[in-house]
Amino acid sequence: MNESESSPRIGQIVRIVQGREAGQYAVVIDVLEGRFVLLADGEKRKYDRPKKKNLQHVELMDFISPEVQDSLLETGRVTNGKLRFAVSKYVNEAVTDLKKGDQLDGERRCN
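Residue numbers (the UniProt record's numbering): 1 to 111.
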């Protein structure tokens, strides 16, 4: 976490760098105790069963989904469809030039 914006915000896209889901993208749906975040992607990790992740194990991206942020701040909930839309929008727009080892849609490749 050596970025200028080191505190995560609700609706922000993150890339998981440690653990079983390493290389996948998810959305921050809650910030816990300042050191942990709850992540969901709407596909494998639904809103109802988010993943609790240490901030040292995620990389914060410079993209906050306004749809997800507004929905969570207004109603306290968000649909899995909005989460999938936010992740796919970020992957399609911001991750255009892939570096070696990066995955397009967060799925693992088996060699």
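Don't be surprised by glycine CBs; every beta carbon is placed ideally from N, CA and C.
Report all residues from its chain with a CB closer than 7 Å to the CB of residue i; omit the five preceding and five following residues, and keep chain order.
| i | result |
| --- | --- |
| residue 92 | none |
| residue 59 | 14, 15, 17 |
| residue 54 | 35, 36 |
Whole angstroms are fine: how far does the CA of residue j sit from the CA of residue i?
| i | j | result |
| --- | --- | --- |
| residue 12 | residue 43 | 17 Å |
| residue 111 | residue 23 | Note that residue 111 scores 43 on pLDDT, short of 50, meaning its location in the model is unreliable and no value can be drawn from it. |
| residue 18 | residue 89 | 23 Å |
| residue 6 | residue 16 | 15 Å |
| residue 25 | residue 75 | 24 Å |
| residue 82 | residue 36 | 22 Å |
| residue 61 | residue 20 | 20 Å |
| residue 109 | residue 34 | Since pLDDT at residue 109 reaches only 46, below the 50 mark, its modelled position is unreliable, and no value is offered. |
| residue 8 | residue 48 | 20 Å |
Whole-angstrom Cβ separation of residue i and residue j, contact assumed at under 8 Å?
| i | j | result |
| --- | --- | --- |
| residue 51 | residue 80 | In fact, because the Cβ distance is near 14 Å, the residues do not count as touching under 8 Å. |
| residue 73 | residue 10 | 7 Å |
| residue 65 | residue 27 | 6 Å |
If I measure Cβ to Cβ from residue i and keep anything under 8 Å in the same chain, skipping five residues before and after, which residues do I get?
| i | result |
| --- | --- |
| residue 32 | 38, 52 |
| residue 63 | 12, 13, 90, 94 |
| residue 41 | 24, 25, 26, 27, 83, 84, 87, 106 |
| residue 57 | 16, 17, 18, 19 |
For the alpha helix (DSSP H) containing residue i, name the first residue and the last one.
| i | result |
| --- | --- |
| residue 25 | It is not in any alpha helix (DSSP H) - residue 25 instead sits in the beta strand (DSSP E) that spans 25 to 32. |
Can you give me the Cβ contacts of residue i inside the same chain, cut-off strictly under 6 Å, excluding the 5 residues immediately before and after it?
| i | result |
| --- | --- |
| residue 68 | 11, 27, 78, 82, 86 |
Tell me which residue opens and which closes the beta strand (DSSP E) that residue i is part of.
| i | result |
| --- | --- |
| residue 44 | Segment: none, residue 44 is in no beta strand (DSSP E) and carries neither H nor E. |
Enumerate, from N- to C-terminal direction, the unbroken beta strand (DSSP E) stretches of 3 or more residues contained entirely within the region 47 to 97. You should have 51 to 54, 58 to 64.
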